[in-house]
Amino acid sequence: MVNERAETSPVCMPADGVMLNGDLGMPAAPKGVVLFAHGSGSSRFSQRNRHVAASLRARGFATLLVDLLTVEEEAVDLRTAEVRFDIGLLARRVASVVDWLGRASSTAGLGIGLFGASTGAAAALVAAAERPAEVQAVVSRGGRPDLAGGALPRVQAPTLLIVGGADTLVIDLNQQAFEDLRCEREIIIVPRATHLFEEPGALDQVADLAGHWFEAHVAARGRAIARAS
Numbered sequence: 001m002v003n004e005r006a007e008t009s010p011v012c013m014p015a016d017g018v019m020l021n022g023d024l025g026m027p028a029a030p031k032g033v034v035l036f037a038h039g040s041g042s043s044r045f046s047q048r049n050r051h052v053a054a055s056l057r058a059r060g061f062a063t064l065l066v067d068l069l070t071v072e073e074e075a076v077d078l079r080t081a082e083v084r085f086d087i088g089l090l091a092r093r094v095a096s097v098v099d100w101l102g103r104a105s106s107t108a109g110l111g112i113g114l115f116g117a118s119t120g121a122a123a124a125l126v127a128a129a130e131r132p133a134e135v136q137a138v139v140s141r142g143g144r145p146d147l148a149g150g151a152l153p154r155v156q157a158p159t160l161l162i163v164g165g166a167d168t169l170v171i172d173l174n175q176q177a178f179e180d181l182r183c184e185r186e187i188i189i190v191p192r193a194t195h196l197f198e199e200p201g202a203l204d205q206v207a208d209l210a211g212h213w214f215e216a217h218v219a220a221r222g223r224a225i226a227r228a229s
């Protein structure tokens with residue numbers, strides 16, 4: 001397991017007309033920053049995403065875990081489960097946070113990757129389509145990329161879809177989305193893993209796959225930009 005020492009600081013940012021809370025982790029000399037888009041009733045306190053984030057920081061990436069819903073919206077969502085499927089709203093907020101990362105003094109100039117889980121994966125893909133110059137890579141963990149709909153062919157960022165081998169319904173949905181994507185893309189099935197990747201070692205595989213994907217695309221592009229300037 002990755003040592004999850006408290007290497008994060010609380011941040012608050014404007015997004016889509018509201019203020020969102022997040023936790024920003026900054027390793028020394030970050031090679032890029034990865035924004036986590038949660039979904040399906042999860043939050044920035046998700047132990048699964050925090051585990052992946054810690055692994056990415058160990059590789060030299062800054063991480064931002066952010067709640068895409070306000071406290072009031074989360075209260076409504078707990079009763080109705082409606083807001084978590086509002087992909088348009090979630091995507092607007094992901095795009096707004098991408099813009100914030102480009103302005104914030106600690107992250108301005110860093111290449112940006114998006115890591116989405118469940119419905120957050122759809123929001124990440126829609127945001128990537130809306131911010132092609134800023135978002136350099138997308139990783140989906142057990143996501144619902146199919147919910148990105150007509151945005152999928154417009155995604156330019158290299159996209160990795162990770163699905164559990166025992167999550168048969170979501171495998172089918174990811175394969176459908178894979179066919180609609182026109183960017184560099186890959187789908188990887190983690191054998192015997194279920195939807196939440198709770199099996200021993202399954203989440204470590206996700207973290208390793210995501211780390212390699214972001215190193216190949218976010219870090220490499222960041223170095224190329226630096227050389228060009």
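Numbering (full-length UniProt numbering), first residue to last: 1 to 229. Even for Gly, the Cβ is constructed at its ideal location relative to N, Cα and C.
Based on Cα-Cα distance, which residue from the options lies nearest to residue i?
| i | options | result |
| --- | --- | --- |
| A166 | H195, T107 and V66 | H195 |
| S118 | I87, M13, A207 and R92 | I87 |
| residue 238 | L181, R57, G164 and P30 | No information on residue 238 is available, as it lies outside the stretch 1 to 229 that the chain covers here. |
| residue 231 | P145, R144 and I112 | An answer regarding residue 231 cannot be provided, because it is not within the stretch 1 to 229 covered by the chain. |
| E186 | A193, R192 and Q175 | Q175 |
| S9 | L90, R79, G17 and S106 | S106 |
| R182 | G17, Q156, E198 and L90 | Q156 |
| L125 | E134, A91 and A108 | A91 |
| A58 | H217, D208, G149 and A15 | D208 |
| G150 | V83, F178 and G17 | F178 |
| A15 | L147, L89 and E198 | L89 |
| G109 | V135, G120 and R93 | V135 |
| E7 | A54, G32 and A216 | A54 |
| residue 247 | V83, A133, I162 and V18 | Residue 247 falls outside the range modelled here, since the chain spans only 1 to 229, and no answer is possible. |
Inspect the beta-carbon positions of residue i and residue j and report whether they are closer than 9 Å.
| i | j | result |
| --- | --- | --- |
| T159 | S140 | yes |
| P153 | D180 | yes |
| F115 | N21 | no |
| V206 | V190 | yes |
| G211 | L56 | yes |
| M13 | A81 | no |
| F85 | G142 | no |
| L193 | G32 | Checking the sequence shown, residue 193 turns out to be Ala, not Leu. No; because the gap between Cβ atoms is not below 9 Å, this pair is not in contact. |
| R93 | V18 | yes |
Pull the bridge partners of residue i from the DSSP assignment, please.
| i | result |
| --- | --- |
| A58 | Paired residue(s): none; A58 is not in a bridge. |
| L20 | M13 |
| T8 | G25 |
| A37 | V66 and G116 |
| G164 | V190 |
| S140 | G116 and L161 |
| V185 | Checking the sequence, you will find Arg at residue 185 rather than Val. According to DSSP, which records beta bridges pairwise, R185 is partnered with T159. |
| V135 | I112 |
Assuming residue i contacts residue j (C-beta within less than 8 Å), just tell me the rounded distance between them.
| i | j | result |
| --- | --- | --- |
| A37 | L69 | Not confirmed; about 12 Å, so no contact. |
| A122 | P145 | 6 Å |
| A137 | F214 | 6 Å |
Tell me, please, whether the segment 96-103 touches the segment 72-82 by the rule of three or more beta-carbon pairs shorter than 8 Å.
no
Pairs of beta-carbons, one from the segment 54-71 and one from the segment 23-38, closer than 8 Å: are there three or more?
yes
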